[in-house]
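For the sequence shown, counting from 1, position 195 maps to 200 in the numbering used here; every step adds exactly one.
Glycine included, every Cβ here is placed at the ideal spot set by N, Cα and C.
Everything below concerns the one structure shown next.
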Amino acid sequence: MNEQRNFFIIFFIVFAAFWGYEYFFPKPAPVENIAPPKVEKVETQLAIEEKVVIVPKDVALREGSRISIDTPSFSGSINLIGARFDDITLKNYEETVGDRSPNVDLLNPENTEKPFYVEFTWVPVQVDTNPVIAFPTEKTEWASNHETLKPNQPIRLTWTNPQGIVFERHVTVDEDQMFTVTEVIRNTKKEQLQVYPKGRIVRVGEMATADSKILHEGVVGYLGGKLQEVNYADIEDVPAFDFASQGGWLGITDKYWMAALAVTDKMPITAKVQHFKTPRKTYMTELSGENITIASGSEASFTYQFITGAKVVNLLDNYEKQYNISNLDLAVDFGWLYFLTKPMYHLLTFLKNVIGNFALAILALTVLVKLIMFPLVSKSSSSMSGMKKLQPELERIKALYPDDAAKRNQAIMEVYKKNKINPAGGCLPLLIQMPVFFSLYKVLYISIEMRHTPFWGWVKDMSAPDPTTVFNLFGLIPWDPPSFLMIGLWPMIMGFTMWLQQRLTPQPSADPNMTKMMAFLPIFLTYLMSSFPAGLVIYWAWSNVLTIVQQLVLNRKPVVKA
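Here you go:
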């Protein structure tokens, strides 16, 4: 059995294990049956309307009064009706590749096509004791002390209820993606108040997600000392997910974007994830503080950190340290191999900063990984060559003991021992390489740095599949083939390098079925990877080229004598 065949057998075993485990044994959604703050006869204060008239976003933004938001990272506004954060447009990211592409709209008002918004309120613990006290709702109109929220210009929103109780919302924003929202309530009544704060993220509509076997999209958070992930399908299947925690964060994430609420200190909090089917699919996360008793003439406050925008790892790491938000970097799906994937990501971005080009950084990182792994590959190759030299002796032993497995195995092991050959020596180094391969694969898949990053030639976005296809002669024929016929030039280059790699690797007299399978493998992977991001295909093709060079070097080494 040669190195080439072993590698691909092991590759598919591990590949099937990584994908198949999640498919057949999905990670159970974490549910903790905790008691939320006691609320009697209190309906949802920030209600979802049963009838929604969908309008364009520009029309929705003209309805009511708004406070504008202007930072180097995003623009948008806060709706003074309900004091909702429902309008965020990312200045540094565009929807598509092209000069006229609009910027990414992350947050949108409730009556638009893709609502996504954040809101805050106070909730009474016991309504029977003070049934006439009014609390802010989604219809409450707030007043502001400024017309624009800027990094150097915080705002204060105020509303006084009919009983004279004052509600304030103090909002600051940094130059990147962090809002600090402090909720204040002043009790001017003679009676004490019992309330708890609640922040909510709401997303509405059908969610078009990436492959869930590779990447988590949906609800994500760090609560109760561990990562909590609930995908959209699980949210729809279960009425509610409840969590209890000492501090933490919870939000909704896409492949590249997120919106999350965090409590930076270790105050007791509860969290909930819910789903509503009417009038449109609605996904909701809630983060609530503990019950607070406010004496007459006193006030209480509660502070949230509200993070929204692109999932830039270095920025999330800085926020984690600055605001004491535990494990905020887990909003980026580094996967099972976090201990490898995140260092690999930092190494890739370091190379990008040094070289100045992300495409070249991918190529350089691949070279670096190959160099680090070369001793293992060399050891595997030496072991394989030694095993090959022993094949005649092993075949003689098999013929000598055709019906006595115990004597046959004992004789084979004596041959291995005499020639100082480890039968697992060829496979073990290859197994060690697999986690490195998958971590690099994961890094390239999740990195926002690869989004809309061009490669040389026809690839304008390495995070999208190769836009060419052989079925219209790579654009020479004016015809757009269906998606299943989109087999681009880079996947074909990748397939050719794999075929060449096989040709350069000496093939032993193996099982004919295995030989046929190995011959078909480049064709199969060419079709399979035609839908993968072009950056991954380019990485694999380049890796094959390096493997070919590596194999040529190893083939020049003296053959191990048995």
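Spatial neighbours of residue i in its chain, beta-carbon cut-off 7 Å, leaving aside the 5 residues before and after
i, result
"residue 228", "248, 250, 253, 255 and 276"
"residue 315", "95, 98, 261, 262 and 453"
"residue 484", "477"
DSSP-derived helix/strand/coil call for residue i
i, result
"residue 537", "coil"
"residue 127", "strand"
"residue 8", "Bear in mind that a pLDDT of 42 at residue 8, under 50, signals an unreliable position, so the number given afterwards is only what the model happens to contain. If DSSP states are grouped into helix, strand and coil, residue 8 belongs with the helices."
"residue 197", "coil"
"residue 192", "coil"
"residue 118", "coil"
"residue 415", "helix"
"residue 401", "helix"
"residue 426", "coil"
"residue 380", "helix"
"residue 59", "coil"
"residue 170", "coil"
"residue 232", "strand"
"residue 532", "helix"
"residue 282", "coil"
"residue 144", "coil"
"residue 261", "coil"
"residue 485", "coil"
"residue 441", "helix"
"residue 334", "helix"
"residue 78", "coil"
"residue 212", "coil"
"residue 477", "helix"
"residue 527", "helix"
Separation of residue j from residue i, as counted between CA atoms
i, j, result
"residue 318", "residue 468", "17 Å"
"residue 296", "residue 311", "21 Å"
"residue 459", "residue 542", "14 Å"
"residue 240", "residue 480", "43 Å"
"residue 560", "residue 500", "22 Å"
"residue 145", "residue 167", "12 Å"
"residue 131", "residue 281", "26 Å"
"residue 476", "residue 535", "13 Å"
"residue 374", "residue 539", "20 Å"
"residue 313", "residue 265", "6 Å"
"residue 557", "residue 445", "24 Å"
"residue 85", "residue 259", "27 Å"
"residue 221", "residue 449", "15 Å"
"residue 201", "residue 122", "21 Å"
"residue 405", "residue 419", "15 Å"
"residue 568", "residue 186", "Summary: the structure shown does not reach residue 568, with the chain confined to residues 6 through 567, and so no result is reported for it."
"residue 206", "residue 114", "12 Å"
"residue 46", "residue 472", "Confidence in residue 46 is poor, its pLDDT being 39 and thus under 50, which makes the residue's placement unreliable; the coordinate value appears in the next sentence. Computed Cα separation, rounded: 57 Å."
"residue 443", "residue 426", "29 Å"
"residue 224", "residue 210", "15 Å"
"residue 455", "residue 358", "13 Å"
"residue 338", "residue 69", "38 Å"
"residue 395", "residue 407", "18 Å"
Enclosing beta strand (DSSP E) for residue i [first to last residue]
i, result
"residue 561", "Per DSSP, residue 561 belongs to no beta strand (DSSP E) and is neither H nor E."
"residue 249", "245-258"
"residue 294", "287-294"
"residue 467", "No beta strand (DSSP E) contains residue 467, which DSSP labels as neither H nor E."
"residue 155", "Residue 155 -> no beta strand (DSSP E), and no H or E assigned at all."
"residue 310", "304-315"
Cβ shell of residue i (< 8 Å), same chain only, five flanking positions each side left out
i, result
"residue 298", "197, 198 and 199"
"residue 334", "318, 321, 322, 325 and 347"
"residue 300", "192 and 197"
"residue 332", "227, 232 and 325"
"residue 402", "413, 416, 417 and 420"
"residue 111", "79, 93, 94, 95, 121, 262, 264, 313 and 314"
"residue 369", "356 and 360"
Limits of the unbroken alpha helix (DSSP H) element including residue i
i, result
"residue 357", "343-360"
"residue 496", "494-509"
"residue 324", "318-328"
"residue 240", "237-242"
Cross-strand partners of residue i (DSSP beta bridge)
i, result
"residue 84", "71 and 89"
"residue 113", "121"
"residue 297", "200"
"residue 205", "124 and 291"
"residue 183", "312"
"residue 108", "99"
"residue 227", "232 and 254"
Contact with chain C by residue i, beta-carbon distance below 8 Å
i, result
"residue 464", "No chain C is present in this structure, which holds just one protein chain."
Check: residue i C-beta below 7 Å from any heavy atom of the ligand PLP
i, result
"residue 151", "Absent from the structure shown: the ligand PLP. Ligands present: none."
Residues near residue i in its chain [Cβ-Cβ closer than 6 Å; skip 5 each side]
i, result
"residue 175", "161 and 187"
"residue 267", "254, 310 and 330"
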